[in-house]
Amino acid sequence: MSGLNLQRITDLDIACQTMAFDFLGKILARRLDDGTVLRGRIVETECYPGGEDKASHSHNGRRTPSNEPMYMAAGTSYVYMTYGMYHCFNISSKEPGAAVLLRALEPVEGLDVMQRLRKDRKKKLDDRQLKVDELCNGPSKLCISLNITKIECNKLDLTQSDTLWLEHDPEFSARNIQVVKTSRIGIASAGEEWSKKPLRFYILGNPSVSKRDKNLETKLNSVDFSD
DNA sequence: AGTCCGATTCGCT
DNA sequence: GCGAATCGGACTA
């Protein structure tokens, strides 16, 4: 029915920025305890390279029990809790201490389950359906929609796990997409120098992207003669 | 043991 | 646009 010809990705030994760029258009797949498989297309990512980057949890080589996955083999999941109630999901890259944050997905499969997971979380009960583009358009929203928690999903080898993995979609990859490269979100406290670095990537025009850079999109469109 | 804070989201003004 | 929610973990002493 889906018509998708998806191929599991088994090699994630990739450098941080390459990984963040190449992940755009790939599929994140999640199998729940009851066997349900949920899928979303990655449409927005961010690099956390570590080292000098003040926004990285591994800044200046900082290493603690909770950021351990950033130092594990490339392709290891790093799930952490923030604000006491949300999760963020990263995938470690080739360089020790580096990882790629997944910020937004375009829902592909299991939208009804995503809808239920999101609505169950809300305080105010509301019969209104969430719009498809509102299901996974943020780093913590996608964790809720795919039930990605630290307990279940931290430190998984995404090249081997049968509960969380990545897939290549040849048909999508053949399409001509434009990638926006801009600043990361929510890290103002790291200081201007690092918060302004262009380490966020997203698919131009995709409705599931969490935050658009309107100025940059205008510039890109002005030099876009593709159609 | 005490303090501080966050790679966010939600609901109300 | 703004403030509250909510708590694990790092850090200080």
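Residue numbers for the first sequence, in the working numbering: 889 to 1115.
Virtual Cβ for every residue (Gly too), placed ideally from N, Cα, C.
Since this is a predicted model, take the numbers as computed values, not measurements.
Compute the distance between the beta-carbons of residue i and residue j, then report whether it is under 8 Å.
i: E994; j: G1093; result: no
i: S1071; j: S1083; result: yes
i: C1031; j: H975; result: yes
i: L900; j: L1034; result: no
i: E932; j: V1097; result: yes
i: L1054; j: I902; result: no
i: I930; j: G913; result: yes
i: E956; j: C904; result: no
i: K942; j: G1079; result: yes
i: V1067; j: F909; result: yes
i: L885; j: H1056; result: What is shown of the chain runs 889 to 1115, which leaves residue 885 out entirely.
Which first and last residues belong to the alpha helix (DSSP H) in which residue i is found?
i: P860; result: Coverage of the chain is limited to positions 889 through 1115, which leaves residue 860 absent and any answer about it impossible.
i: R1016; result: Here R1016 belongs to no alpha helix (DSSP H), and DSSP marks it neither H nor E.
i: E1054; result: For the sequence presented, residue 1054 should be read as Leu rather than Glu. Counting along the chain, L1054 falls outside any alpha helix (DSSP H), though it belongs to the beta strand (DSSP E) covering L1052 to H1056.
i: L1030; result: P1027 to S1033
i: E940; result: First-last for E940: undefined, no H or E at that position.
i: E1081; result: E1080 to S1083
Please state the DSSP three-state secondary structure of residue i.
i: R1063; result: coil
i: I1075; result: coil
i: K1107; result: helix
i: D1115; result: For D1115, the pLDDT reaches just 47, beneath the cut-off of 50, and the residue's location in the model is therefore unreliable, although a value from the coordinates is still provided. Reduced to three states, the DSSP call for D1115 is coil.
i: T906; result: helix
i: L999; result: helix
i: K1038; result: helix
i: D1045; result: strand
i: R1009; result: helix
i: K1069; result: strand
Specify, as a first and last residue, the run of the beta strand (DSSP E) that residue i falls within.
i: M969; result: S965 to T970
i: T933; result: V925 to Y936
i: L1092; result: Counting along the chain, L1092 falls outside any beta strand (DSSP E), and DSSP gives it neither H nor E.
Between residue i and residue j, how many whole angstroms is the CB-CB distance? I'm expecting something under 8 Å.
i: V1001; j: T924; result: 6 Å
i: M960; j: S981; result: M960 to S981, Cβ: 11 Å. No contact.
i: R918; j: T1051; result: 7 Å
i: A992; j: N948; result: That belief does not hold up - the Cβ atoms of A992 and N948 are roughly 29 Å apart, past 8 Å.
i: M958; j: G938; result: 7 Å
Does the contact criterion of 3 or more C-beta pairs under 8 Å hold for the stretch 997 to 1013 versus the stretch 974 to 988? no
How do the stretch 1014 to 1029 and the stretch 952 to 968 stand: do at least 3 beta-carbon pairs fall below 8 Å, yes or no? no
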